[in-house]
Each structure stands twice: as C-alpha cells, then as structure tokens.
Amino acid sequence: MPEKKQEILTIFNEQIKPGESKEVNFDVANLHTSSSVNVPIIVERSKKPGPTVLFTAGIHGDEVNGVEIVRQLIAKGINKPKIGTIICMPVINIFGFINLKREFPDGRDLNRVFPGSPSGSLAGRVAHKLVTEVIPHADFIIDFHTGGAGRFNSPQLRYSKDSRSLDVLAKVFGAPFVLYSKNLSKSFRTTCYKLGKPLLLFEGGKSFHIDDTVTNSGVNGSKRILKHLGMLKTTFKASKPKKDCIFINESKWIRANYSGMFKPSIAVGNLVKRGDVLGNITDPYGKFNFFVKAQNSGYIINVNESPIVYQGDALFHITAKLKR
C-alpha cells in the first residue's frame with residue numbers, strides 16, 4: 047500500500063493535523079428523551095506519512111465481541127501508528143448497542159441500507175454520513191462482526207471472489223479460515239467494494255457474548271496487518287499465526303429436520319467426515335433422540351449454540367470445497 051503525503055484530515059468539520067490525536071463526535075440523532083448520543087470516532091495520526099486504516103465494529107448492535115476487539119486496539123495503544131493514520135469506530139450502531147438489539151430503532155438493519163441517504167430513514171442517514179464523511183479517507187478497512195441468533199462463528203475473514211487481491215492481506219491477518227462469500231446488496235462491504243476501498247470482514251463468536259479466543263484472533267490479526275503496512279510501533283509484537291489459514295470456496299448449512307432441544311457435540315474449527323455425528327435433537331419428554339450427521343466432509347466453521355431449535359434452523363456451517 048503506497049505512502050501518501052500527510053495532510054490535514056477533516057471529519058465532520060473537525061480538523062486533525064499530522065501527529066495529532068482527536069476524538070471526533072459522529073452526531074447521529076438524539077434519543078427520544080432528547081438526550082444527546084455521542085458516537086466517538088478515535089483518530090490517531092503519526093507525523094510520518096503513510097496509509098490510513100479504518101477499524102469498524104458494532105454495525106449490528108448485538109455484536110459485542112467486535113466492539114471488544116476495537117476497544118482493545120484503543121485501550122492498548124495499538125491504534126497509535128508509527129506512520130500514517132488509524133481511525134477507530136468501535137460502535138457504529140449506538141442505538142442498537144444501547145437497546146441490546148441488532149437493528150436500529152426504525153427496525154432496519156444498517157448493513158442493508160448502504161450507501162444510505164441524507165433524507166432517508168435513521169439507519170439510512172447514518173450509513174450516508176459514514177460513507178461521505180469517513181470512508182473517503184480510508185485506504186484499507188477491517189470491519190468486525192459476530193454470528194447472530196446464538197450461532198458461534200469460528201474466527202474467519204470474508205470477502206468476494208472478485209476481491210482475491212485481498213488474499214495476501216488475509217494471509218497476513220492469519221485468521222483460521224477465509225470464506226469467499228458474495229457481496230450482499232446494500233451492505234457496508236459492497237459499498238466499500240464499489241468505492242474501491244479494500245475491506246476485510248472479520249466474523250467470530252456470537253451475539254451478546256465476548257470470547258477470548260475470538261478477541262485474540264481479531265487483535266493479533268490487526269497487529270499483523272499494521273506491521274505489514276509498517277504502521278505498528280516497535281513496542282508491540284505481532285506473533286505469527288499458529289497455522290496457515292484455510293481458504294474456502296464453498297460451504298453448506300446443515301439444518302434441523304425436527305424441532306426440539308438441541309445439543310452440539312462438535313466444536314467450531316474441527317474437521318469432520320461425512321456421516322460423523324455432530325449433535326442431537328431431543329424432545330422434552332424423552333420420546334425421541336435424533337442424531338445430526340455431517341452430510342459431507344469438511345471443517346465446521348459455525349455451530350448453533352441455542353438449546354432450542356425449530357425445524358429448518360441452521361445448526362452447522364461446514365466447508366464444502368476448499369481452495370487448492
């Protein structure tokens with residue numbers, strides 16, 4: 047990523063000069079009580095020229111583990127660059143975070159309204175401000191997410207097959223898995239793709255939960271990226287990944303054939319063979335016990351940890367075809 051001349055950075059009319067640290071307020075909207083809501087954007091700039099990296103989390107208000115990863119980057123001072131600029135936005139959907147909900151108060155999923163509109167819904171207005179005020183400054187973005195509805199994701203990176211130029215950075219990040227997945231309509235990732243902004247989407251853990259393994263994967267991967275770009279200060283060490291990441295071309299969901307009480311017997315990250323028992327579904331009265339089996343061989347990259355499931359619910363996400 048080429049170096050660029052350090053100039054004054056302007057975000058929401060706030061000027062940040064090279065060598066400065068500043069907390070910029072992302073003014074969204076007041077609460078219904080008229081109380082103001084501050085969404086901090088933490089900007090750290092080196093005096094030396096270099097790229098601008100943006101770390102984002104909390105697009106979904108219930109995805110707390112992503113927020114924790116960016117919080118640690120700030121708390122530990124990892125976001126203070128040796129060169130260039132680092133911008134951190136730990137909680138984009140502050141309303142969902144306050145209300146412990148995935149969506150905005152208007153019921154919309156922020157990740158389905160990009161690039162937004164200055165006169166649209168609340169979620170659309172937030173998306174528009176993010177796209178017009180922050181994204182233009184970024185040379186590279188890492189967006190942190192977690193699994194929803196009790197489904198636990200193994201730490202993984204996601205981007206489309208059209209973005210395979212990101213393979214090198216994905217290997218540097220060092221998550222256990224890389225899943226090629228289609229760009230979804232009106233998502234943050236798709237908008238950044240159309241704007242020519244390279245983005246790695248990190249998935250790990252589940253909603254309303256903080257997992258140390260997932261957090262460490264996100265923080266360590268971020269440090270490796272910053273070191274690769276020459277931005278990590280020498281006071282921090284970027285350890286090498288324990289294993290090479292596994293690139294996934296295709297994956298499948300194993301769904302529940304019955305409603306009932308569910309108990310998985312396999313953990314995320316494990317390699318299974320076709321026919322292996324992955325868990326079982328029972329009823330509260332002891333009348334039946336249905337064993338869930340792997341329909342193909344592959345790695346388990348997501349496990350539903352909800353104790354109650356309904357017919358058709360996604361139980362396991364398993365790799366179907368690996369990149370060779």
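Counting in the working numbering, the sequence shown runs without a single skipped number right up to 370 at its last residue. Just so it is clear, CB atoms sit at the ideal spot from N, CA and C, and this is done for glycine as well. Nothing here was measured: the structure is a model prediction, and the numbers come from that model.
query: Run through DSSP, which three-state label would R204 get?
result: As a position in the sequence shown, residue 204 is number 158, starting the count at 1. R204: strand per DSSP, three-state reduction.
query: Where V83 and P287 are concerned, what is the direct C-alpha to C-alpha distance, given to the nearest angstrom?
result: Position 37 of the sequence shown, counting from 1, holds the residue named residue 83. Position 241 of the sequence shown, counting from 1, holds the residue named residue 287. In a straight line, the C-alpha of V83 is about 39 angstroms away from that of P287.
message: I'd like the span of the beta strand (DSSP E) that includes L230, first residue to last.
response: The residue given as residue 230 occupies position 184 in the sequence shown. From DSSP, L230 is part of no beta strand (DSSP E); its letter is neither H nor E.
- prompt: With C-beta atoms as the reference, is P151 less than 7 angstroms away from F141?
  reply: As a working note, residue 151 is residue 105 in the sequence shown. As a working note, residue 141 is residue 95 in the sequence shown. Yes, these two residues count as a Cβ contact at 7 angstroms.
Neighbourhood of S305 by C-beta distance below 6 angstroms, restricted to the same chain and skipping five residues each side: Numbered from its first residue, the sequence shown carries residue 305 at position 259. So the list reads Y356 and Q357, once near-sequence residues are dropped.
message: Could you check whether the region 113-131 touches the region 199-210, counting it as contact only if at least three pairs of C-beta atoms, one from each stretch, sit closer than 8 angstroms?
response: no
message: With DSSP as the reference, identify every bridge partner of G251, one or two as the case may be.
response: Here residue 251 refers to the residue found at position 205 of the sequence shown. According to DSSP, G251 bridges with N199.
query: Could you give the residue range of the alpha helix (DSSP H) that holds G142?
result: Looking up residue 142 in the sequence shown gives position 96. Element bounds for G142: I140 to N145.
task: Go ahead and label N157 buried or exposed: buried means 16 or more other beta carbons lie within 10 angstroms of its beta carbon, across all protein chains shown.
output: Translated into positions along the sequence shown, residue 157 becomes position 111. It is buried - the Cβ of N157 has at least 16 other Cβ atoms within 10 Å.
query: On the three-state DSSP scale, how would you describe T281?
result: On the sequence shown, residue 281 is found 235 positions in, with the first residue counted as 1. Looking at T281 - three-state DSSP - the assignment turns out to be coil, as it is neither helix nor strand.
- prompt: Nearest to K252 by alpha carbon, out of S200, N139, A366 and I292?
  reply: Sequence index remark: in the sequence shown, residue 252 carries index 206 (1-based). Of S200, N139, A366 and I292, the residue nearest in Cα terms is S200.
Nearest-angstrom beta carbon gap, S92 and P64 [assumed within contact, 8 angstroms]: Locating residue 64 in the sequence shown gives position 18, counting from the first residue. Locating residue 92 in the sequence shown gives position 46, counting from the first residue. With 8 angstroms as the limit, P64 and S92 qualify as a contact, their Cβ atoms being about 7 angstroms apart.
- prompt: With a cut-off of 8 angstroms, do at least 3 Cβ pairs link the region 106-119 to the region 70-86?
  reply: no
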